[in-house]
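Q: Going by this note's numbering, the sequence shown opens with residue 5, and the numbers climb by one from there. Glycine included, every Cβ here is placed at the ideal spot set by N, Cα and C. Please read through the structure below; I'll follow up with questions.
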Amino acid sequence: MTAPNRATLWGRTLVDELAKSGVTAAVVSPGSRSTPLTVALAEHDDIETFSVLDERSAAFFALGRGRRTGEPTALVCTSGTAAANYHPAVIEASQSRVPLLVCTADRPAELTDSGANQTVDQTKLYGDAVRWYKTLPEPAPEPRRLRSLRVAADRAVAKTTGANPGPVHLNVPVAKPLEPTEQPGDVPESLAGEAPLAVEGRDGPFVRTTAGTLEPDEAAVADIAADLASADRGLVVAGPLNPGVCDPGAVDELLGATGVPLLADPLAGLRFGSLAADRPVFGGYDSYLDAPGWPDPEVVVRIGASPTSKVLRRFLAEADARQVVVDPAGEWPEAEFTATDYLEADPGATVRALAERVDDGTGAGEPATEEHPTDDAVEWRRRFERAEATHWELVDEAVATASEGRPLEGAVLSEVVAGAPDPGTVFVSNSMPVRDCDRFGQPRSADLTVLGNRGASGIDGITSTALGAGSATDEPLVLVTGDLAYYHDTNGLLSVARCGVDATVVLINNDGGGIFHILPIEAFDPPFTEQFVTPHGLDFEHSADLYDLAFRRATDLEDFAAAYRESLDSDGTQVIEVRTDGEASHRCRERLHERVCERVADDR
């Protein structure tokens, strides 16, 4: 490797080592101080580089790729407030355990605290939201320093993954000249010959990091398996999980060994796919777990983050049961504080170990397995099956009734999930779309990857995250977003053209913050309408014109369904707006909930 100056040598060495460590994609925003990194990325054949102009959108785009692939995408920006714009995505990546490698260019040390232009203190800029932070040494054509740079790159990539994946921050100070201009004598011609290891690196990563799997304690597994096998009312609850964290095959083994119901969040990666065709996977629980007379479970095994459903969270909080929380990172994912056991272990390994223990017949008493269930265990599962059937029957009725006027927001989600292509990636916004996906997204055997930003649950960066996820797969991409989330990230729409991502964008427009209708503040108006619902009256067709996207405003549910199917069968990106009444949609959710609970209570 040769270089015209030390800054160029530094950028090429860092990018070369990132590629050798497995980084295959980078998202770059334009800036001067980051020139050595940007040029090196543009020149490297093994790293696909996406150009995203707005740093906040860029960070969420990279987050989306990491969420979809489970591998880190590198982020590169210039110094100053550009780096600060990454912060919201860094927080989301941290709290939802998405690998992300943040590389912020910086001024050299002598310019810190000097009043120099575009210079801020970037030391540990993201606080404890990152898994690891390091300010790299300033560029110099010295073998030891170059080896240090390669080791830092390998360590950074390794730290983004493992049992507790998340963001890593490398701060990269560099002095001018930043461009690959020839500086005679700056990089000795003899350097490559005298220090080939430092300059060229190794065949593969300079340092290979091998991460192990945190296996569950055998005694704990035996104890939990004994209770699960002998319980008449066992339950598995799966909250949001990133793709690849828990093998559906392991869950299949546990459900097959025990016959217990699985309550699967739409973001768990378990509600959709072959598991739903063969096992008791339930998704309507938000409507019936608080029905009068619904019995408590005896043993609950919980994997994933806290469930989206408030009804489910309250049900677990009030249950008189042994509740086992499984988490691989040593963090606490249960905000009701009613769990009885905490198992720090890999979820997939734990689920498989429990299945093997139960299947081996090592449980106590007469196990309530799928092959030899007790009468009470059979009734427990049938209760879920009847309640689930009631829920989806009444959902169909609610959808049909609402289709006579403005579409029910939940009906839109029902149509999206039912009609999503197989395979396909569906990204749902926070606020009401993810909640409606939970209540109206019926389990199906299609290979759907349903994603959302539930770490910090913000509505910023939703479009960019979805497009980032779509850039990482050849599957069709569907984004379901609300009007405020769409407004927050209109800058992100530029990535459709610049990054070559096609999508079907379903825009549910209830003219403001419809989610506030589910909160007590609804009874206080003013200030409810102007300060919480905040109607904006925006015509989003202009945003589609700005970014050269096709736009269609659906008049009713039938028109939406037709537009949705047409978009899925078309090239390019289409925005389908569905105008809804946020308050009416919420009243409909309330009525659905009440009707399901009444029917389920009568069916005891």
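(1) With distances taken from CA atoms, which of 41, 39, 51, 394 is nearest residue 24?
(2) Output yes or no for whether 9 Å exceeds the beta carbon distance between residue 232 and residue 238.
(3) Which class does residue 597 belong to by DSSP, given the choice of helix, strand or coil?
(4) If you reduce the DSSP assignment to three classes, tell me which class residue 14 lands in.
(5) What is the rounded straight-line gap between the Cα of residue 159 and the Cα of residue 403?
(6) Measuring straight from C-alpha to C-alpha, what distance separates residue 218 and residue 280?
(7) Three-state secondary structure (DSSP) at residue 369?
(8) Out of curiosity, what's the CA-to-CA distance linking residue 210 and residue 40?
(9) So the beta strand (DSSP E) residue 609 belongs to, where does it begin and stop?
(10) Is there contact here, the stretch 355-364 with the stretch 247-256, by at least three beta-carbon pairs under 8 Å?
(11) Report, in whole angstroms, the separation of the C-beta atoms of residue 304 and residue 241, which I expect to be a contact under 8 Å.
(12) In three-state DSSP terms, what is residue 544?
(13) According to DSSP, simplified to helix, strand and coil, what is residue 259?
(14) Please return the same chain residues whose Cβ sits closer than 7 Å to the Cβ of residue 147, not counting the five positions on each side in sequence.
(15) So for residue 382, helix, strand or coil by DSSP?
(16) Can you tell me where the beta strand (DSSP E) holding residue 238 begins and where it ends?
(17) May I ask you to verify whether the stretch 55-63 touches the stretch 496-506, counting CB pairs closer than 8 Å and requiring at least 3?
(18) For residue 117, does the three-state DSSP call read helix, strand or coil?
(19) Given this structure, state the Cα-to-Cα distance separating residue 194 from residue 502, to the nearest angstrom.
(20) Which residue marks the beginning of the beta strand (DSSP E) containing residue 107, and which one marks its end?
(21) Check for me: the alpha helix (DSSP H) holding residue 271 runs from which residue to which?
(22) Determine the extent of the beta strand (DSSP E) in which residue 512 is found, giving its start and end residues.
(23) What's the gap between the Cα of residue 337 and the Cα of residue 309?
(24) May I have the straight-line CA-CA distance separating residue 352 from residue 220, to the nearest angstrom?
(25) Thinking C-alpha only, which one of 97, 112, 44, 71 is nearest residue 80?
(26) Is DSSP giving residue 183 helix, strand or coil here?
(27) Should residue 524 go down as buried or exposed, given a rule of 16 or more other Cβ atoms within 10 Å for buried?
(28) Please return the same chain residues whose Cβ sits closer than 7 Å to the Cβ of residue 91, not counting the five positions on each side in sequence.
(29) Measure the alpha-carbon distance for residue 596 versus residue 590 and round it to whole angstroms.
(30) Counting only the same chain and skipping the five closest in sequence on each side, list residues whose C-beta sits under 8 Å from that of residue 212.
(31) Is the separation between the beta-carbon of residue 173 and that of residue 225 shorter than 9 Å?
(32) Note down the Cα distance separating residue 96 from residue 340, rounded to an integer number of angstroms.
(33) Could you name the residues that DSSP lists as bridge partners for residue 55?
(34) Buried or exposed: which applies to residue 559, given that a residue is buried once 16 or more other Cβ atoms fall within 10 Å of its Cβ?
(35) With residue 514 and residue 585 assumed to form a contact (beta carbons below 8 Å), what rounded beta-carbon distance in angstroms separates them?
(36) With a Cβ-Cβ cutoff of 9 Å, do residue 33 and residue 82 count as a contact?
A: Here's the rundown:
(1) Your numbering for residue 24 matches position 20 in the sequence shown. Ranked by Cα distance from residue 24, the first of 41, 39, 51, 394 is 51.
(2) Reading the sequence shown from its first residue, position 228 is the one you call residue 232. Reading the sequence shown from its first residue, position 234 is the one you call residue 238. Result yes, Cβ atoms of residue 232 and residue 238 sit closer than 9 Å.
(3) One-based indexing of the sequence shown puts residue 597 at position 593. In the structure shown, residue 597 sits in a helix (DSSP, three-state: H, G or I).
(4) Within the sequence shown, numbered from 1, the residue matching residue 14 stands at position 10. Helix, per DSSP.
(5) Locating residue 159 in the sequence shown gives position 155, where the first residue counts as 1. Locating residue 403 in the sequence shown gives position 399, where the first residue counts as 1. Taken atom to atom, the span from the alpha-carbon of residue 159 to that of residue 403 is near 52 Å.
(6) What you label residue 218 is simply residue 214 of the sequence shown in a count that begins at 1. What you label residue 280 is simply residue 276 of the sequence shown in a count that begins at 1. Whole-angstrom Cα-Cα distance: 28 Å.
(7) The residue labelled residue 369 in the question sits at position 365 within the sequence shown. Reliability of the predicted coordinates at residue 369 is poor, the pLDDT of 40 falling under 50, and the value obtained from them is presented with this limitation in mind. The answer is coil: DSSP assigns residue 369 none of H, G, I, E or B.
(8) Numbered from 1 along the sequence shown, position 206 holds the residue referred to as residue 210. Numbered from 1 along the sequence shown, position 36 holds the residue referred to as residue 40. Spanning the two alpha carbons is a distance of roughly 21 Å.
(9) Nothing can be reported for residue 609: it is not among the residues displayed for the chain, which extend from 5 to 608.
(10) With a cut-off of 8 Å on Cβ pairs, the stretch 355-364 is in contact with the stretch 247-256, counting three or more such pairs.
(11) Numbered from its first residue, the sequence shown carries residue 304 at position 300. Numbered from its first residue, the sequence shown carries residue 241 at position 237. Going by Cβ atoms, the distance from residue 304 to residue 241 rounds to 6 Å, so yes, they are a contact pair.
(12) Taking the sequence shown and counting its residues from 1, one reaches residue 544 at position 540. Residue 544 falls in the coil class under three-state DSSP.
(13) Indexing the sequence shown from 1 puts residue 259 at position 255. Assigned with DSSP and collapsed to three states, residue 259 falls in helix.
(14) In the sequence shown, the residue the question calls residue 147 occupies position 143. The answer, listed in chain order, is 199, 202.
(15) In the sequence shown, counting from the first residue as 1, residue 382 sits at position 378. In this structure, residue 382 counts as helix in the three-state DSSP scheme.
(16) Counting from one through the sequence shown, the residue named residue 238 turns up at place 234. Note, residue 238: beta strand (DSSP E), 238-242.
(17) Yes, the stretch 55-63 touches the stretch 496-506.
(18) Stepping through the sequence shown from its first residue, residue 117 is reached at position 113. The answer is coil: DSSP assigns residue 117 none of H, G, I, E or B.
(19) In the sequence shown, the residue the question calls residue 194 occupies position 190. In the sequence shown, the residue the question calls residue 502 occupies position 498. The straight-line gap from Cα to Cα measures roughly 41 Å.
(20) One-based indexing of the sequence shown puts residue 107 at position 103. Counting along the chain, the unbroken beta strand (DSSP E) around residue 107 starts and ends at 104-110.
(21) The residue labelled residue 271 in the question sits at position 267 within the sequence shown. Counting along the chain, residue 271 falls outside any alpha helix (DSSP H), and DSSP gives it neither H nor E.
(22) Counting from one through the sequence shown, the residue named residue 512 turns up at place 508. Unbroken beta strand (DSSP E) run through residue 512: 508-513.
(23) If you number the sequence shown from 1, residue 337 lands on position 333. If you number the sequence shown from 1, residue 309 lands on position 305. One Cα belongs to residue 337, the other to residue 309, and the distance between them is close to 6 Å.
(24) In the sequence shown, the residue the question calls residue 352 occupies position 348. In the sequence shown, the residue the question calls residue 220 occupies position 216. Taking the straight line from one Cα to the other gives about 10 Å.
(25) Within the sequence shown, the letter at position 76 stands for residue 80. Comparing Cα-Cα distances from residue 80 to each of 97, 112, 44, 71, the minimum goes to 44.
(26) As a working mapping, residue 183 is identified with position 179 in the sequence shown. Collapsing the DSSP output to three states places residue 183 in coil.
(27) Counting from one through the sequence shown, the residue named residue 524 turns up at place 520. Exposed is the call here.
(28) For this step, residue 91 is matched to residue 87 along the sequence shown. Within the same chain, and ignoring the five residues on either side of residue 91 in sequence, the residues whose Cβ sits closer than 7 Å to its Cβ are 130.
(29) One-based indexing of the sequence shown puts residue 596 at position 592. One-based indexing of the sequence shown puts residue 590 at position 586. In a straight line, the C-alpha of residue 596 is about 10 Å away from that of residue 590.
(30) The residue you call residue 212 lines up with position 208 of the sequence shown. Excluding sequence neighbours, residue 212 sits near 158.
(31) Stepping through the sequence shown from its first residue, residue 173 is reached at position 169. Stepping through the sequence shown from its first residue, residue 225 is reached at position 221. Residue 173 places its beta carbon 9 Å or farther from that of residue 225.
(32) For the purposes of this step, residue 96 is taken as residue 92 along the sequence shown, with counting starting at 1. For the purposes of this step, residue 340 is taken as residue 336 along the sequence shown, with counting starting at 1. If I take the Cα positions, the gap works out to 21 Å.
(33) On the sequence shown, position 51 is the one that residue 55 refers to. According to DSSP, residue 55 bridges with 32.
(34) As a working note, residue 559 is residue 555 in the sequence shown. Under the 10 Å beta carbon count, residue 559 is surrounded by fewer than 16 other beta carbons and is classified as exposed.
(35) For the purposes of this step, residue 514 is taken as residue 510 along the sequence shown, with counting starting at 1. For the purposes of this step, residue 585 is taken as residue 581 along the sequence shown, with counting starting at 1. A Cβ-Cβ distance of about 7 Å is found for the pair residue 514 and residue 585, placing them in contact under the 8 Å criterion.
(36) As a working note, residue 33 is residue 29 in the sequence shown. As a working note, residue 82 is residue 78 in the sequence shown. Their beta carbons are under 9 Å apart, which means residue 33 touches residue 82 by this criterion.
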